[in-house]
Amino acid sequence: MPGAIKTVLFILHSAPYGSSTARETLDAALAAAAFEQNVQLLFIGDGVWHLLPNQQASALASKDTGKMLQALGYYDISDVFADSVSLDERQLTGESLAITAKVLDKNTLQEIVRKADCVISL
Amino acid sequence: MTDINKTLHTLNCTVREYPATLQRLLLCASADDSLLLIENGVYNLTDATALAAISRSQLKLYCLNADLLARGLSNMPMDSATVVDENGFVELACSHQKVISWFV
């Protein structure tokens, strides 16, 4: 169906800077949003490190994924989710994150995955 | 075998080498979803811990025959998984609402 809008859930599971996986996932998510798809982001595992505030990517002469996250609103991406267990394991709390994210328990997380038309985990 | 609201998950790596990949899959999968082991993922059939975790999550387990044959695993007892060929892979993909690839 050309022109159909789909809900596309992108899973970010890698820590920033150590590899390009998360950057590429974010690039793909922003591209999908630019094509007017309904984009959702889910941070799990080491991916939740993206949500830590005060990152200074300039120290590595690296592109700041935090800045990309700040720009999500311009792409109409408001469904940003984080796995509660992954946050707990890393002593992060929902209130201390760099951007607003809905913290999900396991059942809600599985429901989000079930409801998405398409799920991408790079 | 139409599982139209269900998801087919494919896993292409061993849990021994990449434990976090199965962990993510099991976090996101719902009971009664299906899991197809492909490529090095078929080695997980020799991993009792991985099989127990998959079984606890109530996933239907499948594995791809060509990958078993290639790795010399085709004679192992296959009580926990259903072996499928490429046509079976296509049938699984078509009978589920979507496919999520958990690849490394």
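Residue numbers (our numbering), protein chains in the order written: chain H, 2 to 123; chain Y, 109 to 212.
Glycine is no exception: its CB is placed at the ideal position from the N, C-alpha and C atoms.
These figures come from a predicted structure and were not determined experimentally.
Rounded separation between residue i and residue j - CA only
i	j	result
residue 195(Y)	residue 153(Y)	21 Å
residue 122(H)	residue 155(Y)	24 Å
residue 198(Y)	residue 191(Y)	13 Å
residue 9(H)	residue 61(H)	31 Å
residue 141(Y)	residue 188(Y)	15 Å
residue 139(Y)	residue 165(Y)	6 Å
residue 49(H)	residue 12(H)	11 Å
residue 82(H)	residue 211(Y)	22 Å
residue 122(Y)	residue 159(Y)	11 Å
residue 59(H)	residue 24(H)	15 Å
residue 170(Y)	residue 110(H)	24 Å
residue 179(Y)	residue 118(Y)	18 Å
residue 176(Y)	residue 151(Y)	8 Å
CB contact below 7 Å: residue i versus chain Y
i	result
residue 91(H)	no
residue 51(H)	no
residue 115(H)	yes
residue 48(H)	no
residue 57(H)	no
residue 111(H)	yes
residue 120(H)	yes
residue 45(H)	yes
N- and C-terminal bounds of the alpha helix (DSSP H) containing residue i
i	result
residue 27(H)	22-35
residue 8(H)	Counting along the chain, residue 8(H) falls outside any alpha helix (DSSP H), though it belongs to the beta strand (DSSP E) covering 8-13.
Outcome for residue i when other beta-carbon atoms lying within 10 angstroms are tallied against a minimum of 16
i	result
residue 129(Y)	buried
residue 75(H)	exposed
residue 42(H)	buried
residue 120(Y)	buried
residue 136(Y)	buried
residue 56(H)	buried
residue 85(H)	buried
residue 102(H)	buried
residue 36(H)	exposed
residue 157(Y)	exposed
residue 30(H)	buried
Extent of the continuous beta strand (DSSP E) to which residue i belongs
i	result
residue 103(H)	103-105
residue 168(Y)	168-172
residue 80(H)	80-84
residue 190(Y)	190-192
residue 209(Y)	204-210
residue 93(H)	No beta strand (DSSP E) holds residue 93(H); DSSP gives it neither H nor E.
residue 153(Y)	Here residue 153(Y) belongs to no beta strand (DSSP E), and DSSP marks it neither H nor E.
7 Å Cβ cutoff, residue i in contact with chain A
i	result
residue 6(H)	The question asks about chain A, but that chain is absent: this structure's protein chains are H and Y.
According to a CB-to-CB cut-off of less than 9 Å, which residues of the stretch 152-168 of chain Y neighbour chain H? none
Mind listing which residues of the stretch 125-154 of chain Y have their C-beta closer than 8 Å to chain H's C-betas, in chain order? 128, 131, 132, 135, 136, 137, 138
Output, in sequence order along the chain, the residues in the stretch 76-88 of chain H whose CB is closer than 9 Å to any CB in chain Y. 84, 86, 87
Scan the stretch 97-110 of chain H for residues whose Cβ lies nearer than 7 Å to a Cβ of chain Y and list them as they occur along the chain. 107, 110
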